[in-house]
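Going by this note's numbering, the residue at position 189 of the sequence shown is 194; the numbering climbs one at a time, nothing skipped. Glycine included, each C-beta is placed from N, C-alpha and C at the ideal position.
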Amino acid sequence: MATIQTATGAIDSDDLGFTLTHEHVVVGSPPIRQQFPDLHDRDAILDVAVPNLVTAREAGVRSMVDLTPITLGRDAGLIREAAERSGVQIIVATGLYWFLDLHMAFAEPELLTSLFVRDINDGIGDTGVRAGVIKCATQPVMDPFNEKVLRASAQAHRQTGVPIGTHTFVANRTGLDQTRVFKEEGVDLGRVIIGHSDDTDDITYLEAIIEEGAYVGMDRIGLPRPRTSEQRADMVAALVERGYADRLCLSHDSGVMEGYDEALKMERSPDWRYTFIPGEFSAMLRDRGVSDDAVEQMTVRNPRAIFEQTQPY
Ligand SMILES: [Zn+2]
């Protein structure tokens, strides 16, 4: 049992329940929002996000980790309103995305660490919302900027105790670059989720991540590219069959995307929604011999085990 920060305040880790470990309320472009404010319609975003979250709650989703980094338009006030209106407990992230941010490119890593720690300990801007997870990303390869952000994220994690969730590019096996850098920074990989791992068809790559001690985020479930839902279910079932249910987390990486019409998105990617895992995908796993206990392990007990380790070190 441990105290966890969410958009709507502190909760007990025992109250996380069914948790999607990598989603977004909304992703967008901070410079476009700033320079062309008429393209940013906050109410319209909430008009889509809140009903989607309510439907998720009704399907059994109690908690969600919003892994939107600062440079992908994280808006803690908007996330809090979405959480309040929907009743879903949402953990908010700090951290930077993989593409170069010119300001942060010139900053010393210690400054990055201190900014992430400030978001976690003091709250994000003047919202009073405290970040409860650190996001970092590596794509298409581990470039020097990615590596600096990862090392700063590792230090912020060790100073605060909040876990790390990542974005990888599986074609270049960048999850293993991440585990290497984290290990060099002294990170306990049992407090890290290596994300987007279900984009690969290479089970040996995923076993290598697990052997390093990290959790594997099977967190693009429902996104039809580069792997179909059937292929993603096959891979989860294969990993469970090999005894790894206690190393996997499930999520969709879904949410409102500014500039991408929601109806068109749902037409192209009908499974890519918060309700797919508690609904159809769980049934697909059961059809493949995955037990209800294993599904509970991946959706309830593993997220709780990751988030209840709150000690700095
Ligand atoms: Zn994401």
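Between residue i and residue j, is the Cβ-Cβ spacing less than 7 Å?
| i | j | result |
| --- | --- | --- |
| D224 | G200 | yes |
| D71 | V30 | yes |
| S234 | E28 | no |
| T13 | A88 | yes |
| K140 | A176 | no |
| Q94 | S119 | no |
| N57 | Y279 | yes |
| S202 | V186 | no |
| T304 | A7 | no |
| G170 | I214 | no |
| A15 | V261 | no |
| F150 | A110 | yes |
| V146 | L101 | no |
| S91 | V66 | no |
| F281 | G227 | yes |
| W103 | Q160 | no |
| G166 | P317 | yes |
| G82 | T132 | yes |
| F312 | I84 | no |
Roughly how many angstroms lie between the CA atoms of residue i and residue j, to the nearest whole one?
| i | j | result |
| --- | --- | --- |
| M240 | E113 | 40 Å |
| A49 | E216 | 44 Å |
| P283 | V300 | 9 Å |
| A268 | P168 | 34 Å |
| G128 | E263 | 25 Å |
| I96 | T24 | 10 Å |
| D148 | Q183 | 11 Å |
| Q164 | D106 | 24 Å |
| P365 | P229 | The requested residue 365 does not occur in the structure, where the chain is confined to residues 6 to 318. |
| D46 | G33 | 11 Å |
| M271 | W277 | 7 Å |
| N126 | A288 | 40 Å |
| R123 | V138 | 12 Å |
| R252 | L181 | 15 Å |
| R178 | D207 | 10 Å |
| P42 | F121 | 26 Å |
| R306 | E63 | 20 Å |
| E86 | E212 | 39 Å |
| D266 | R273 | 11 Å |
| L44 | S158 | 31 Å |
| L51 | Q40 | 21 Å |
How about residue i: is its Cβ closer than 6 Å to a heavy atom in ligand 1?
| i | result |
| --- | --- |
| L51 | no |
| D258 | yes |
| M244 | The question names Met, yet the displayed sequence has Leu at residue 244. For ligand 1, not one heavy atom lies less than 6 Å from the Cβ of L244. |
| N72 | The sequence given here has Leu at residue 72, not Asn. The answer is yes for L72. |
Could you check whether the Cβ of residue i sits closer than 7 Å to any Cβ belonging to chain E?
| i | result |
| --- | --- |
| G133 | Structure shown: chain E not included; a single protein chain is present. |
Which whole-angstrom value is the C-beta distance of residue i and residue j, which I expect to be below 8 Å?
| i | j | result |
| --- | --- | --- |
| H162 | A142 | Not really, about 15 Å apart at Cβ, beyond 8 Å. |
| L21 | R309 | 5 Å |
Inter-stretch contact (C-beta, 8 Å, three-pair minimum) for the stretch 179-193 and the stretch 236-252: no
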